[in-house]
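There are 6 protein chains.
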Amino acid sequence: MKKVITFGEILLRLSTERHLRFSQATNFNATYGGGEFNVAVSLANYGLETEFVTRLPKNDIGDCALQEIRKQNVSTANIQFGGDRLGIYFLETGAGTRGSKVVYDRASSAIAQIEPSSIDWKSIFKDADWFHWSGVTPAISSNAAAVCLEAVKAAHAMGITISSDLNYRSKLWKYGKEPKDIMPELLKYSHVILGDLDTAFFMTGQEKQDPDYQDMESLPQLYDLLYKSAPDLKYVATTLRYSINASHQKIGGILYDGKDIYYAKTREVTPVVDRVGSGDAFMGGLIYGLLNDDLDKQGTIDFAAAACCLKHTITGDFNLASIAEIEQLAGGDSSGKVSR
Amino acid sequence: MKKVITFGEILLRLSTERHLRFSQATNFNATYGGGEFNVAVSLANYGLETEFVTRLPKNDIGDCALQEIRKQNVSTANIQFGGDRLGIYFLETGAGTRGSKVVYDRASSAIAQIEPSSIDWKSIFKDADWFHWSGVTPAISSNAAAVCLEAVKAAHAMGITISSDLNYRSKLWKYGKEPKDIMPELLKYSHVILGDLDTAFFMTGQEKQDPDYQDMESLPQLYDLLYKSAPDLKYVATTLRYSINASHQKIGGILYDGKDIYYAKTREVTPVVDRVGSGDAFMGGLIYGLLNDDLDKQGTIDFAAAACCLKHTITGDFNLASIAEIEQLAGGDSSGKVSR
Amino acid sequence: MKKVITFGEILLRLSTERHLRFSQATNFNATYGGGEFNVAVSLANYGLETEFVTRLPKNDIGDCALQEIRKQNVSTANIQFGGDRLGIYFLETGAGTRGSKVVYDRASSAIAQIEPSSIDWKSIFKDADWFHWSGVTPAISSNAAAVCLEAVKAAHAMGITISSDLNYRSKLWKYGKEPKDIMPELLKYSHVILGDLDTAFFMTGQEKQDPDYQDMESLPQLYDLLYKSAPDLKYVATTLRYSINASHQKIGGILYDGKDIYYAKTREVTPVVDRVGSGDAFMGGLIYGLLNDDLDKQGTIDFAAAACCLKHTITGDFNLASIAEIEQLAGGDSSGKVSR
Amino acid sequence: MKKVITFGEILLRLSTERHLRFSQATNFNATYGGGEFNVAVSLANYGLETEFVTRLPKNDIGDCALQEIRKQNVSTANIQFGGDRLGIYFLETGAGTRGSKVVYDRASSAIAQIEPSSIDWKSIFKDADWFHWSGVTPAISSNAAAVCLEAVKAAHAMGITISSDLNYRSKLWKYGKEPKDIMPELLKYSHVILGDLDTAFFMTGQEKQDPDYQDMESLPQLYDLLYKSAPDLKYVATTLRYSINASHQKIGGILYDGKDIYYAKTREVTPVVDRVGSGDAFMGGLIYGLLNDDLDKQGTIDFAAAACCLKHTITGDFNLASIAEIEQLAGGDSSGKVSR
Amino acid sequence: MKKVITFGEILLRLSTERHLRFSQATNFNATYGGGEFNVAVSLANYGLETEFVTRLPKNDIGDCALQEIRKQNVSTANIQFGGDRLGIYFLETGAGTRGSKVVYDRASSAIAQIEPSSIDWKSIFKDADWFHWSGVTPAISSNAAAVCLEAVKAAHAMGITISSDLNYRSKLWKYGKEPKDIMPELLKYSHVILGDLDTAFFMTGQEKQDPDYQDMESLPQLYDLLYKSAPDLKYVATTLRYSINASHQKIGGILYDGKDIYYAKTREVTPVVDRVGSGDAFMGGLIYGLLNDDLDKQGTIDFAAAACCLKHTITGDFNLASIAEIEQLAGGDSSGKVSR
Amino acid sequence: MKKVITFGEILLRLSTERHLRFSQATNFNATYGGGEFNVAVSLANYGLETEFVTRLPKNDIGDCALQEIRKQNVSTANIQFGGDRLGIYFLETGAGTRGSKVVYDRASSAIAQIEPSSIDWKSIFKDADWFHWSGVTPAISSNAAAVCLEAVKAAHAMGITISSDLNYRSKLWKYGKEPKDIMPELLKYSHVILGDLDTAFFMTGQEKQDPDYQDMESLPQLYDLLYKSAPDLKYVATTLRYSINASHQKIGGILYDGKDIYYAKTREVTPVVDRVGSGDAFMGGLIYGLLNDDLDKQGTIDFAAAACCLKHTITGDFNLASIAEIEQLAGGDSSGKVSR
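Chains as they are written, first to last, in full-length UniProt numbering: chain H, 1 to 340; chain W, 1 to 340; chain U, 1 to 340; chain P, 1 to 340; chain E, 1 to 340; chain F, 1 to 340.
Below, the structure written as structure tokens:
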């Protein structure tokens with residue numbers, strides 16, 4: 001069984017029920033999630049061995065997060081404890097023409113205060129096959145960015161496959177650095193990058209282009225720009241999203257292997273139950289496909305896109321769909337019949 | 001007032017809220033339902049006199065089911081008490097491309113252990129006009145099948161109209177018999193059969209055909225095959241369902257009287273609030289139409305299909321729509337305006 | 001800052017959850033609302049100074065309504081206390097082809113028993129710019145109608161802009177008068193009328209016409225009929241609603257200034273979370289636009305229609321959308337992306 | 001099986017959860033109850049045949065009440081339909097030193113508007129053994145009082161046992177009459193009266209006394225005063241309540257048969273889950289005991305007091321305890337061990 | 001009407017339901033509270049004019065707090081907006097031998113970052129009669145302590161009565177100062193101090209004593225020690241709490257006027273619904289009594305202690321008891337009878 | 001770290017909320033628990049390594065149980081999958097004089113159908129220190145009893161300490177055997193037995209005695225009777241429970257080491273939040289104490305009894321109290337103060 005390590009922040013998610021606005025809420029549903037952990041949950045559900053590395057505060061709220069990680073069958077063996085608080089995000093779920101709203105409450109979180117050199121990456125990566133991180137972590141604090149760099153360097157040195165999700169969040173990046181100061185050094189060890197080209201060029205400080213994701217002629221040249229500064233880069237993937245409204249999305253995907261473009265055809269996603277974490281579901285599907293000899297490139301991008309679609313029907317950050325459910329949808333059956 | 005008797009199992013239904021998956025549920029909504037009882041509830045709501053015959057365990061959960069039957073204005077006069085437990089089904093309500101999921105938990109239920117000859121059908125049918133059963137009951141156990149056969153024979157002997165809903169559930173039928181061993185003998189007393197032709201041919205052990213439900217030329221011949229072994233058969237009806245996804249169905253219907261095909265035109269049903277029991281709503285509408293001199297054949301199939309559509313908007317197994325609401329929809333007004 | 005006064009009834013709203021029918025409900029969500037108060041809430045959210053005049057019973061339920069008014073930042077300075085009870089309306093929220101259902105429980109409400117001359121309108125209107133009322137209030141009782149007339153006369157005498165929402169509710173008007181006995185006298189002081197032409201002609205006792213809201217040729221003539229008996233009338237507006245089903249509406253709007261027709265283009269509204277109060281949201285947007293020098297007539301009707309659309313996505317009677325959200329939609333962005 | 005008829009009002013009860021004050025409530029639990037109906041529910045649970053006579057509005061809320069009556073296995077055969085609304089009472093459940101709070105919202109209720117002579121008491125009482133009413137009904141309106149008088153006269157004429165619960169509610173009696181104008185005529189047909197002596201003397205216009213419920217010498221003389229004007233009176237009973245605080249009561253009872261005093265010894269009731277309806281539970285126990293040959297007078301008052309105690313542990317108006325549970329407590333076992 | 005200003009932090013309170021432990025919670029009830037605001041709410045409920053001064057973040061969660069302040073009828077006229085986040089406290093409500101548990105999550109809160117001189121106290125205090133603060137605010141940060149000192153100095157200069165609640169929270173005070181470095185300077189302007197003597201001596205850096213709160217001989221000498229460094233000090237009060245277990249408290253109080261000790265007798269408080277904020281309820285009662293000419297010193301301490309008792313029966317931080325309810329309990333009636 | 005293995009059944013627990021009776025419930029809280037698993041959870045919380053061996057069905061409900069085991073930090077390494085269904089128990093939580101009610105729904109559960117020899121006990125016990133089982137498992141079916149015997153024999157052979165909780169449930173034992181046919185053979189390998197003497201004598205087929213648990217003279221002789229047939233027996237312990245009512249218990253304990261009696265003094269437990277699993281909490285405390293060199297015999301029984309007390313304040317089957325909380329109570333501090 002392949003083993004995948006992910007590193008990042010897990011947050012307490014406090015969401016209003018029944019599409020209520022924040023000002024109407026008298027209670028919040030409490031779940032836990034965070035981009036890199038969400039990827040680990042997908043992979044654990046697909047039967048891979050997974051581990052999540054993070055920093056949690058030593059209090060009851062940190063313990064709840066720890067319990068959730070265990071419940072999802074992800075290893076907690078190398079989690080560090082300390083710091084002031086668990087980061088929080090408040091979520092108001094939109095509907096129709098009203099979009100969902102996220103209020104970040106991440107100041108002074110445990111992982112923002114993580115000390116460089118405090119994680120023993122060598123030991124963590126000993127029997128690992130894959131390391132996954134995303135652009136959210138270096139956006140939190142310079143300490144978090146430094147530890148992230150230690151991780152990719154250690155993974156690189158140990159020959160472990162590295163996947164990077166660009167994941168740009170403009171409301172983070174508040175510690176005085178811009179993505180282009182930090183991300184190029186981190187991305188250069190990547191074997192797989194997930195993101196759209198605009199974000200990729202912005203984060204790597206390259207000139208803005210005008211990608212047409214339907215144009216199989218021009219796209220390869222644009223994707224190729226990312227390969228220049230990442231010598232190990234094998235795959236770039238992009239989630240294609242068309243937002244009709246908050247309850248209705250169209251979702252497809254692209255996988256580029258440095259030579260050919262593979263499309264997952266666009267699917268209707270309506271109604272949207274919860275779209276947070278759908279990009280992580282895509283990422284999880286991508287890693288699963290690339291680690292799975294039974295799936296070729298087309299099969300991989302189809303699986304990733306179908307996983308992303310199904311995530312939209314599931315409350316919370318995690319994609320709790322099974323391989324069988326994803327394969328059924330990837331295979332073209334979107335009828336949603338009752339299973340009994 | 002006409003009196004209709006139905007016989008079958010009533011189950012405790014435990015469903016997750018807000019489209020949660022089973023693994024996310026910390027509580028279950030508890031309601032009660034079962035195909036033949038659901039039909040009785042529809043008919044009680046339409047003002048008919050109804051009675052439900054079943055077997056319930058003598059414990060608090062059985063008492064809750066009993067209370068629900070009374071609440072729905074269905075007679076409990078001939079319910080038998082005994083056995084280990086009330087059958088349960090767990091329901092996870094899907095959305096969009098994710099279908100709903102039913103987990104049956106019916107082992108050792110009270111009705112599975114019912115004793116042949118323990119029900120006094122003669123007395124039950126004394127002032128009844130109609131008897132309804134479905135293919136779920138003979139699928140439970142050989143005892144349940146035997147009692148079902150006693151019921152149709154008694155009804156036949158007493159000249160009562162018999163309706164049969166084929167209702168094939170592959171996960172039942174676990175006691176060593178196949179439908180074709182049991183169903184033909186049961187179905188041969190039918191005046192009305194509800195089901196699609198594939199199921200009908202499979203259950204009666206006939207050769208598979210390839211029905212085209214839009215083809216008014218070939219359909220009658222196929223339906224006619226069912227009349228051969230059921231000498232009293234007057235009507236066959238089929239619910240037409242096209243599943244766009246779990247939240248979006250198209251629903252129509254067919255009524256065949258041995259001569260002509262009557263269509264209820266296909267309607268959009270979106271969003272689907274709860275589709276469990278929608279076939280029973282169709283059946284209830286059909287019986288109502290056939291018992292009601294004010295509705296001709298076209299009116300009957302229109303009423304049945306509109307009842308089925310409205311059921312999809314109602315949580316739980318029962319069709320709680322009123323005659324007026326169904327007639328409004330059957331009459332073509334699907335605007336769903338606020339009534340105030 | 002402009003100050004707007006509204007006058008009318010605030011009700012306790014008891015609604016079933018999760019689309020449950022009344023007969024399935026074991027609890028009710030309790031909120032508060034009423035047409036004229038809903039307009040005040042919209043305007044308070046847009047930053048205007050607002051005040052709501054009403055009559056509340058001196059009991060705990062009346063106190064809850066009072067607290068809600070304060071919470072919404074609407075002045076309670078001139079609320080009168082007394083009477084038997086707070087009016088109630090029960091709401092069952094429909095879905096798809098099943099419409100929502102309102103059961104009024106307003107007999108003997110505090111405002112129905114209000115005494116003429118008991119409100120000091122002169123003092124209330126001292127520093128006010130705008131007075132808004134609707135056709136619901138005169139429908140409650142002859143006392144309520146009398147006080148409403150005192151209000152419009154006082155507003156007229158003091159030169160305050162008066163807006164009138166026709167708001168016809170056939171299940172009210174039970175005290176022996178018809179709209180045409182009461183409404184013409186009330187409407188004649190209007191500067192702004194909101195309503196469709198059928199209702200306007202019915203309430204003013206004029207002959208039924210057959211308006212085509214897409215016909216820019218014939219419409220002005222019909223709207224002009226309303227100007228005859230209302231010498232100060234400047235604007236008439238109409239909400240355009242096309243009800244596909246209870247979960248899917250199309251919403252547009254018309255503003256007529258006595259000369260030209262301004263259209264807000266029709267928008268898809270799906271899913272509908274809660275459509276009660278959407279007309280009040282339109283009215284609130286209209287008053288905001290007319291009081292706001294930055295919005296021209298086209299901008300005003302676009303804002304009003306977009307406010308109405310967004311209201312459909314919000315639970316409860318109030319439009320809790322912000323100016324920024326409404327402007328984004330009015331400006332054409334209905335993508336409902338996550339804000340984070 | 002003995003048959004008991006009760007007559008009165010059933011209300012929608014809207015209660016806050018978790019001891020919340022009204023001003024904190026965002027939803028209400030909705031149940032149904034009313035003194036005379038509560039008595040019928042107790043008796044139905046004890047296996048007697050019961051029927052409740054009342055007037056319900058023809059709307060969805062009235063239908064919900066009707067459904068609840070059926071669910072509780074009480075006959076609805078002679079319920080009258082009409083009127084504006086179902087009466088409501090709001091309940092805030094206290095704790096410790098904070099008492100529970102009831103806000104009546106009963107103006108214009110269906111039963112307040114009942115027409116004299118509109119109920120066919122002769123037919124209702126044909127096969128009945130017992131009629132029960134309480135002092136709440138004549139307090140509602142003069143019409144309700146008139147129908148109540150028709151009922152007791154008919155019951156008297158037909159030789160049916162009549163029980164009367166004094167049930168004084170000072171906030172009712174608002175139609176211009178005092179209890180002493182109405183109650184003596186009604187009470188004079190009683191075979192059984194439940195109430196404390198202060199209330200009895202007040203309602204019958206007699207001089208205030210100072211009863212000492214522990215004094216077996218003086219009590220009989222005081223109870224005897226009630227026998228003077230009620231020639232058929234056989235039993236008077238009193239619930240003994242000592243309120244330590246809202247969560248802690250002491251409950252006992254007295255039964256007087258015109259000769260001897262029978263005491264049910266005082267029991268600790270803590271915590272109190274819900275004390276509304278505990279007097280009705282006492283009344284139900286009393287009727288059960290008096291109709292049951294197996295219970296002598298001491299057994300009857302012990303059963304009634306134990307039923308009253310157990311009611312305090314049950315949410316809602318009804319005493320849902322079984323005969324076995326009540327007999328266990330009446331027999332002295334208050335250990336509350338887990339039954340499994 | 002007297003006007004009272006309070007200054008401090010308002011927090012989002014996230015509490016588990018039904019006595020669940022944090023690790024069992026899947027949702028949190030969301031309310032708002034904070035010592036000084038809680039006092040303002042009590043006083044607003046008693047009919048005084050009140051205003052709360054604080055700093056709130058400009059985001060949806062800050063807006064919710066703002067709305068709650070308005071709902072409670074407390075003026076928001078001088079609230080400052082800015083900073084990262086609203087402070088949070090998580091609450092797990094204990095029962096019996098298991099105590100409640102608070103997890104503070106207040107790092108980087110808006111008020112911790114408040115700028116000295118940024119509040120215009122002169123304008124705020126212009127028509128005020130009383131200023132209240134507590135020892136929580138100077139514990140948050142040195143900036144918060146500095147602004148608190150500005151407030152008491154301004155109030156002192158303007159001749160406004162100042163009350164100080166010692167309120168020691170050991171888990172705060174993390175910015176490098178101890179209470180004895182900060183509190184003496186703040187306390188010296190007090191007219192009224194609430195606290196126990198141990199805390200008072202600790203915070204003012206005085207030697208530990210061993211107070212016996214039942215000893216009327218020795219107590220005055222100990223209280224007198226506080227008067228030395230606070231020249232305007234008139235009253236010192238102490239809440240007497242005896243904790244039998246988390247669900248059972250005994251509550252009394254002491255008021256000392258520099259000469260005599262006034263006792264409020266100890267009352268049983270069981271069950272405890274929620275004890276958070278009970279000290280603030282005491283403080284609110286104390287201020288009310290001292291501002292109210294109708295209450296003498298004994299009446300004042302009785303009112304304060306009864307308010308504290310009643311708070312224990314109310315969920316949330318606020319004492320939502322009315323004057324009438326408190327006076328009833330202060331007058332000795334703790335029977336908790338149903339009010340109807 | 002010591003490792004403890006437990007073996008038995010884990011059930012889905014469906015409990016009504018807010019003390020509702022079954023007939024009032026419209027939803028059930030869903031948790032998981034079972035005597036032997038509950039013991040494992042206690043020990044995992046105390047920091048021991050634990051593993052639970054059981055049989056789960058391969059369906060979504062079985063998966064939920066699996067997830068719960070992981071969440072509680074108990075190893076799932078040797079769980080067997082198969083069988084029809086997960087056993088269920090329905091729980092109605094009593095209050096005061098009304099006891100809680102359990103309805104078992106365990107027919108055809110996965111573990112009832114477990115095959116002898118299907119568990120590899122040797123491998124499971126390889127690095128284990130302790131094995132715990134209870135009398136519930138052999139009561140389920142003869143297969144379950146057989147596997148239980150295999151386990152104790154294997155543990156005995158490998159020199160592992162064995163603890164046995166007698167746990168008599170009369171409603172189980174339905175497969176034709178009585179405890180005395182099965183239990184003696186199982187118990188004879190015990191090192192520690194938990195139970196009261198009546199149960200012990202009944203289960204081992206010995207003559208009924210009349211133990212007086214306060215009598216230090218006679219008790220040792222009675223306990224000594226158990227040592228005769230269990231050659232390795234070192235300790236017998238008994239939970240002392242005095243049930244005042246369902247909400248008020250008194251709890252103490254006895255530990256006998258074959259020579260001396262050690263008492264944990266009786267403590268008041270009120271209110272009782274949930275008493276299910278309190279015996280397992282006692283057992284968990286006992287094992288912890290006996291495995292912990294820092295606790296002597298008196299310390300061990302004090303810890304066990306305090307753990308049992310605290311469990312009564314916690315919802316669900318598990319004792320989620322920490323070592324620190326238990327030690328605080330065992331040390332005599334039952335004040336339940338707020339921890340903040």
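Ideal Cβ positions, reconstructed from N, Cα and C, are used throughout, including at glycine.
HIS312/E belongs to the set of residues whose beta carbon lies under 8 Å from a beta carbon in chain P. No Cβ of chain H is located within less than 8 Å of the beta carbon of ASN45/F. By the C-beta criterion, the stretch 299-311 of chain U is judged to be in contact with the stretch 271-287 of chain U, since at least 3 inter-stretch pairs fall below 8 Å.
Runs of alpha helix (DSSP H) with 4 or more residues, each lying fully within the stretch 252-314 of chain E, are found at 278-291, 297-311, listed in chain order.
About 4 Å separates the Cβ atoms of ASP165/F and SER134/F, confirming a contact at the 8 Å cut-off. Taking 8 Å as the cut-off, the beta carbon of VAL39/E is found closer than this to the beta carbon of HIS132/E. Contact annotation: in the UniProt domain "Carbohydrate kinase PfkB" (254-310) of chain P, residues whose CB is within less than 8 Å of a CB in chain E are PRO271, ARG275, VAL276.
By the CB criterion at 8 Å, ARG241/E and ILE254/E fall outside the cutoff. Within its own chain, the residues whose Cβ lies closer than 8 Å to the Cβ of LEU291/E, once the five positions on either side in sequence are excluded, are LYS2, VAL4, LEU48, ASP129, TRP130, listed in chain order. For GLU51/H, the uninterrupted beta strand (DSSP E) segment begins and ends at 49-53. Between the alpha carbons of ARG70/H and ILE326/F lies a gap of roughly 25 Å. The criterion of a C-beta distance shorter than 8 Å is not satisfied by VAL136/P and PRO116/P.
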